[in-house]
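Residue numbers (my numbering): 7 to 381.
Using N, Cα and C, we set each Cβ at its ideal position, and we do this for glycine too.
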Amino acid sequence: MKFYIILILISFTFGFLKEVVSNPTPRPFEAIFNFGDSLSDTGNFLASGAILFPVIGKLPYGETFFQHATGRCSDGRLVIDFIAEAYGLPYLQPYLKVTKDHQKIYNGVNFAVAGATALDVEFFIQEGLAKLLWTNDSLNIQLGWFKKLKPSLCTTKQDCDSYFKKSLFVVGEIGGNDYNYAAFAGNISDLQATVPLVVEEITKTITELIAEGAVELLVPGNLPIGCSAVYLTLFRSKNIEDYDKNGCLKAFNGFAKYHNKQLNLALETLRQKNPHARIIYANYFGAANRFFHAPRHYGFTNGASRACCGGGGPYNFNNSARCGHSNSKACADPTTYANWDGIHLTEAAYRHIAKGLIEGPFTNPPLNPSLFKIA
Ligand SMILES: *[C@@H]1O[C@H](CO)[C@@H](O)[C@H](O)[C@H]1NC(C)=O
Ligand SMILES: *[C@@H]1O[C@H](CO)[C@@H](O)[C@H](O)[C@H]1NC(C)=O
Ligand SMILES: *[C@@H]1O[C@H](CO)[C@@H](O)[C@H](O)[C@H]1NC(C)=O
Numbered sequence: 007m008k009f010y011i012i013l014i015l016i017s018f019t020f021g022f023l024k025e026v027v028s029n030p031t032p033r034p035f036e037a038i039f040n041f042g043d044s045l046s047d048t049g050n051f052l053a054s055g056a057i058l059f060p061v062i063g064k065l066p067y068g069e070t071f072f073q074h075a076t077g078r079c080s081d082g083r084l085v086i087d088f089i090a091e092a093y094g095l096p097y098l099q100p101y102l103k104v105t106k107d108h109q110k111i112y113n114g115v116n117f118a119v120a121g122a123t124a125l126d127v128e129f130f131i132q133e134g135l136a137k138l139l140w141t142n143d144s145l146n147i148q149l150g151w152f153k154k155l156k157p158s159l160c161t162t163k164q165d166c167d168s169y170f171k172k173s174l175f176v177v178g179e180i181g182g183n184d185y186n187y188a189a190f191a192g193n194i195s196d197l198q199a200t201v202p203l204v205v206e207e208i209t210k211t212i213t214e215l216i217a218e219g220a221v222e223l224l225v226p227g228n229l230p231i232g233c234s235a236v237y238l239t240l241f242r243s244k245n246i247e248d249y250d251k252n253g254c255l256k257a258f259n260g261f262a263k264y265h266n267k268q269l270n271l272a273l274e275t276l277r278q279k280n281p282h283a284r285i286i287y288a289n290y291f292g293a294a295n296r297f298f299h300a301p302r303h304y305g306f307t308n309g310a311s312r313a314c315c316g317g318g319g320p321y322n323f324n325n326s327a328r329c330g331h332s333n334s335k336a337c338a339d340p341t342t343y344a345n346w347d348g349i350h351l352t353e354a355a356y357r358h359i360a361k362g363l364i365e366g367p368f369t370n371p372p373l374n375p376s377l378f379k380i381a
């Protein structure tokens, strides 16, 4: 009887060792390359000077996780940071800060810049909005950075193909600012006319990345912008019909949905043209809408639309007293707010969005299973 148990134990142990030695859980991705705006910038805008938004270079930005400002537009980690963690990869270095040291860039690089647009500056010059742009580092400029960096990542076509096959390319969220600049300038008369141009630019970028060897691409859509403190403040209405049951502005959520629908149609065409690629839509709208619908369920006891850090007003967003300015202050516990500074979300909110992408059901088709769960 005793002998029997020992035998079982031995085979159990050896079975386990064999598992580990001959079949270590392969890392789903070796690298992540990210393109986008402030929703995923990990330091490029700050590295470029942050002239038009210098407050992101100091606390309370970064207070929750990094304990210092990193250039992330939040109190802590962003969706892209949680994705990197889940796949067992280091946080992405901002392109404008990396040295071309192969060791440091092997696991990926971040090209996103806060304030960046999908469309180039020429479009905004035409529209008379160029002066509002925080940055000219549009999606096309970011793609140019990737191409410039490529020779230090891999050399032969075969080498690049095999490396990029094991890489995740994240394209977006991008385009939100193309609409924000026009809306914040008070011109919402023709916002929808910009959508096909933005979607075309995203499509062009994905096509070029696939030509460079990208196989797995994650493409996020827009957030429910009608629920954000900045839109709720600037477009405050006396007409209760303008609000949905979550207290969000119907027109702007409808607009975000319109962008997402057009983006999805374009992705479907791209999938047909590139059957070997996996083009995954990330439904940021759906993932975030959960906590706008039921904030308390996600720990947002102070609601999901009111900003944690700001200078007062019904949504704690005041454009002349923004987060980081001396006449504003941050809340005591950012985990009880989904909105960080009126425009951007808290780490707690980004964590829930990332969970919705990695664990489902907000990616289509689903992302590769992650190595680690998001706590
Ligand atoms: C963007 O480009 C325009 C026109 O080329 C220039 O006037 C402006 O200063 C640039 N803005 C930034 C933030 O670099
Ligand atoms: C508003 O935007 C439209 C289209 O983007 C543009 O044609 C128009 O000139 C703008 N109006 C003003 C007052 O800026
Ligand atoms: C916004 O901030 C400015 C500057 O501190 C202040 O004068 C104004 O009263 C504030 N507005 C609201 C609605 O709190």
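Item                                                                                                                         : Value
Per-residue burial, residue 378 [other beta carbons within 10 Å of its own, 16 or more giving buried]                        : exposed
N-terminal and C-terminal residue of the alpha helix (DSSP H) that residue 296 is part of                                    : 290-299
Where residue 184 falls, given that 16 or more other Cβ within 10 Å makes a residue buried                                   : buried
Contact shell at 7 Å, judged by CB to any heavy atom of ligand 3, ordered along the chain                                    : 317, 318, 319, 324, 326, 327 and 333
As assigned by DSSP and simplified to three states, the class of residue 335                                                 : strand
Straight-line Cα distance separating residue 152 from residue 158                                                            : 10 Å
Classification of residue 245 by the beta-carbon crowding that lies within 10 angstroms, buried from 16 upward               : exposed
Beta carbon of residue 368 nearer than 8 Å to that of residue 316                                                            : no
Extent of the continuous alpha helix (DSSP H) run through residue 363                                                        : 353-364
Ligand 1 heavy atom lying under 7 Å from the CB of residue 342                                                               : no
Neighbourhood of residue 327 by C-beta, 6 Å cutoff - its chain only, sequence neighbours within 5 removed                    : 317, 333 and 334
Residue 139: CB within 7 Å of a non-hydrogen atom of ligand 1                                                                : yes
Cβ neighbours of residue 370 in the same chain (closer than 6 Å, five flanking residues each side left out)                  : 287
C-beta contact flag for residue 177 and residue 119 at 8 Å                                                                   : no
Residue 302 classed as buried or exposed, judged by whether at least 16 other C-beta atoms fall within 10 angstroms          : exposed
Span of the alpha helix (DSSP H) around residue 150                                                                          : 145-159
Sheet register partners of residue 173 (DSSP bridge)                                                                         : 37
DSSP-derived helix/strand/coil call for residue 179                                                                          : coil
Separation of residue 95 from residue 27, as counted between CA atoms                                                        : Unreliable placement is indicated for residue 27, whose pLDDT of 42 sits below 50; the coordinate value is still reported in the next sentence. Residue 27 and residue 95: Cα-Cα distance of roughly 21 Å.
Inter-residue Cα distance where the pair is residue 348 and residue 68                                                       : 16 Å
Test item: CB-CB of residue 89 and residue 48 under 8 Å                                                                      : no
Pairwise C-alpha distance: residue 212 and residue 74                                                                        : 34 Å
Spatial neighbours of residue 299 in its chain, beta-carbon cut-off 6 Å, leaving aside the 5 residues before and after       : 252
Burial state of residue 354 (16 or more Cβ within 10 Å)                                                                      : buried
Assigned exposure category for residue 340 - 16 Cβ within 10 Å defines buried                                                : buried
Cutoff 6 Å; reference residue 72; Cβ partners in own chain excluding five residues on either side                            : none
Simplified DSSP state of residue 27, which is helix, strand or coil                                                          : With a pLDDT of 42 at residue 27, under the threshold of 50, the modelled position of this residue cannot be trusted, and the question is left open.
Neighbourhood of residue 365 by C-beta distance below 6 Å, restricted to the same chain and skipping five residues each side : none
Cutoff 6 Å; reference residue 58; Cβ partners in own chain excluding five residues on either side                            : 140
Spatial distance of residue 352 from residue 82 (CA atoms)                                                                   : 7 Å
At least three beta-carbon pairs within less than 8 Å, the stretch 227-239 to the stretch 167-177                            : no
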